Amino acid sequence: MQAVMVQKSAEAIVGAQESEHRRAKQRETRSRREDLAPIHQARPGQMRAAANTHRALKQDEVKVKRDLLEDVLDSDNLARAWKRVKANKGAPGIDGVTMEDFPTHARAHWPAVRKQIREGRYQPQAVRRVEIPKHGGGKRLLGIPTIMDRVIQQAIAQVLTPIFDPTFSESSYGFRPGRNAHQAIRQVQATVKEGRNIAVDIDLAKFFDTVNHDVLMNLLGRTIADKRLLCLIGRYLRAGVLVGEHIKPSEVGTPQGGPLSPLLANVLLHQLDRELERRGHRFARYADDLIILVRSPRAAQRVMQSITRYLETVLQLQVNLAKSKVAPMSESAFLGFTIKGKKVRWTDKALTDFKHRIKKLTARNWGVSMEYRLKKLGHYVTFPRKPI
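Just so you know, we're using our numbering here: the sequence shown kicks off at 19 and counts up by one.
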């Protein structure tokens, strides 16, 4: 019965294969120019950022010349995307369409949406702003797309991940298939054992909210040759955020909550990884959590200054100097752990947070599927019981 429901839901999204011409070129021209404006018509300050990025990233990139948008709209790819979005549950976006309502909604609207995407006319809806309280204080801002846009973003991510992920650094562990925080901690511990026990802890201020669209689009354009797909991604970046009753334009950032944002974050921060490797540094990165390990405090201060300069001038990111620091690894925390010799220990804050999350994940009144619950629990139970 479940398989039949998934199949019917997938059919609602995919529909019958259309036979219309893949491109309406005259209609696309104006749309492409507008959506690629961050690359071709940037303001002077933005042009400098793009120029800095271009100069700093002169290594040859292989452009993917295939018609990637058609891969995104492929029936099987869309069916997998819907299955993934459905399994992850989640609240509705600004249109109010729920997971239960979506198959009916898709049957009525998907053919027109697909046609608009192919013709370069599709405009994603703004995301719904949600504030999630952090355990211990503060709030995390999420942007919840409509379910239709979640499916489209997931379909894009499924096409782009096999292209970009193999190029990513071995020292990058976040939001990647087959990689996790446990592996990142083990790499840090191995590096400390080599005598690199001074940590350069660089804190990126509100990373997802401050991603520079121009820099990111330039980086994507170095690999993706399909301008229709680039235009669509650009529109997702600028879709806006519904705050109260008003839509706020998105001039920077890629909202947490969309299936595409983690991959875009790694595409941008991969440039940082390459720069660190070019300089011969040992490091580990999990999404926007970064730690660089060196042999002396003096070297650490030099690295802190030079990498901060790189992040701010080339990638146009903001470094929180108040939270960034240089300290022995035994006095620093990475992903909630400190490392001293052979021992890996929770920080007090991380242990409290861990207990809070496990309690939430095992709560009977949490309305998510068992598949989703086990997936989330898997992020925590993979850590060994004994010290690494």
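Positions of the beta carbon are idealized from the N, C-alpha and C atoms, including for glycine.
None of these values were measured; they are calculated from a predicted model.
Problem set entry | Length of the line joining the Cα atoms of K266 and H374 | When the Cα atoms are used, K266 and H374 turn out to be separated by approximately 33 angstroms.
Exercise. Rounded to a whole number of angstroms, what is the C-alpha to C-alpha distance between V337 and A130?
Worked result: Rounded to whole angstroms, the separation of the alpha carbons of A130 and V337 is 43 angstroms.
Exercise. Rounded to a whole number of angstroms, what is the C-alpha to C-alpha distance between L248 and A144?
Worked result: L248 and A144: Cα-Cα distance of roughly 18 angstroms.
Exercise. Rounded C-beta distance between R147 and L260? I'm assuming under 8 angstroms.
Worked result: Between L260 and R147 the Cβ distance is about 6 angstroms, and since that is below 8 angstroms, they are a contact.
For this session: Thinking F182 and L335 are a contact (beta carbons under 8 angstroms), I'd like their distance in whole angstroms, please.
Result: Rounded to the nearest angstrom, the Cβ distance from F182 to L335 is 19 angstroms, too far for a contact under 8 angstroms.
For this session: Less than 8 angstroms between the CB atoms is what I'm expecting for N284 and S190, so what's the real figure, rounded?
Result: Rounded to whole angstroms, the Cβ separation of N284 and S190 is 7 angstroms, and the two are in contact under 8 angstroms.
Exercise. Going along the chain, which unbroken runs of the beta strand (DSSP E) with 3 or more residues stay wholly within the stretch 215 to 294?
Worked result: For the stretch 215 to 294, the full-length beta strand (DSSP E) segments reaching 3 residues or more read 216 to 221, 259 to 261, 264 to 266 along the chain.
Problem set entry | DSSP-derived helix/strand/coil call for E149 | Strand at E149.
Exercise. Is the stretch 203 to 221 in contact with the stretch 350 to 368, if contact means three or more CB pairs nearer than 8 angstroms?
Worked result: Yes, the stretch 203 to 221 is in contact with the stretch 350 to 368.
For this session: Evaluate R246 with the Cβ neighbour count: other Cβ atoms within 10 Å of its Cβ, from every protein chain shown; 16 or more gives buried, anything less gives exposed.
Result: R246 should be labelled buried.
Problem set entry | N-terminal and C-terminal residue of the alpha helix (DSSP H) that P180 is part of | Looking at the DSSP string, the run of the alpha helix (DSSP H) that includes P180 is 165 to 182.
Problem set entry | Q289 versus I325, A257, I150, G271, residue with shortest Cα-Cα distance | Ranking the options by Cα distance to Q289, first place goes to I325.
Exercise. How many angstroms separate the CA atom of D407 from the CA atom of I174?
Worked result: With the chain covering 19 to 406 only, the question about residue 407 has no answer from this structure.
Exercise. Thinking just about the alpha-carbon of each residue, which of D227, T241, V169 is nearest to the one in A258?
Worked result: The sequence shown places Gly at residue 258, not Ala. Of the candidates D227, T241, V169, the residue whose Cα lies closest to the Cα of G258 is D227.
Exercise. Do Y140 and A202 have their C-beta atoms within less than 8 angstroms of each other?
Worked result: No.
Exercise. Based on the DSSP output, what are the partners of K343 in its beta bridges?
Worked result: DSSP, once it has assigned bridges, lists D219 as partnering K343.
Problem set entry | Residue from G271, K101, V82 with nearest C-alpha to T179 | Residue V82 holds the alpha-carbon nearest to the alpha-carbon of T179 among G271, K101, V82.
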